[in-house]
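Residue numbering for the sequence shown is 1 to 124, as defined by my numbering.
For each residue, glycine too, the CB sits at the ideal point set by N, CA and C.
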Amino acid sequence: VHWGNTGAAWSIFSGNNSLLVVVMLLAFAALFLTRRHFDADRLPGQIAFGLLFGGIAGNLADRLARHQVVDFIRFYAQLRGTGGEIGFPAFNVADTAICSGVGLIFLITWRSDRAPGKEAPAAK
């Protein structure tokens, strides 16, 4: 597939390219400024933020150059006898990088909260 998406995930906010560029720039800045809270000085954190920054930059480049993000990966299955199909919305490599980076940050945060020697917050 080769679909242009002027919105965000699943085409929400479709047609609001300029607003989404601003949101992407704000997200990039917020992530950059708060990265020290997510083990960004260690390899897993560096990988996570590399994926996030790379994904945001890739989609931002598409939005600035094409006024849309090009989605070109699509998984689906044909339904027997009906001619219909069931599938996942189209996406691109940048989307995969962003989702992988977010997932890795969740894992890093979860593991650091459960690290040996780290005391649980006192109950009130």
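With a threshold of 6 angstroms on Cβ separation, who are the neighbours of Val21 within its own chain once the five nearest residues in sequence on each side are excluded? Arg63
Would you please verify whether the beta carbon of Val102 is less than 8 angstroms from any beta carbon of chain C? Absent from the structure: chain C. Only one protein chain is present.
Going by the CB atoms, is the gap between Leu104 and Ala48 shorter than 8 angstroms? In this structure, the beta-carbon distance from Ala48 to Leu104 falls below 8 angstroms.
Determine, using beta carbons only, whether Asn59 and Phe72 come nearer to each other than 8 angstroms. no
Ile47, enclosing alpha helix (DSSP H) - first and last residue: Leu43 to Arg66
Quick one: residues in its chain with C-beta nearer than 7 angstroms to the C-beta of Pro89, no 5 flanking neighbours on either side, listed in chain order? Trp10
Extent of the continuous beta strand (DSSP E) to which Val1 belongs: Premise fails: Val1 is in no beta strand (DSSP E) and is neither H nor E.
Straight-line Cα distance separating Leu51 from Ile12: 23 angstroms
Determine the DSSP secondary structure at Ile105, reduced to helix, strand or coil. helix
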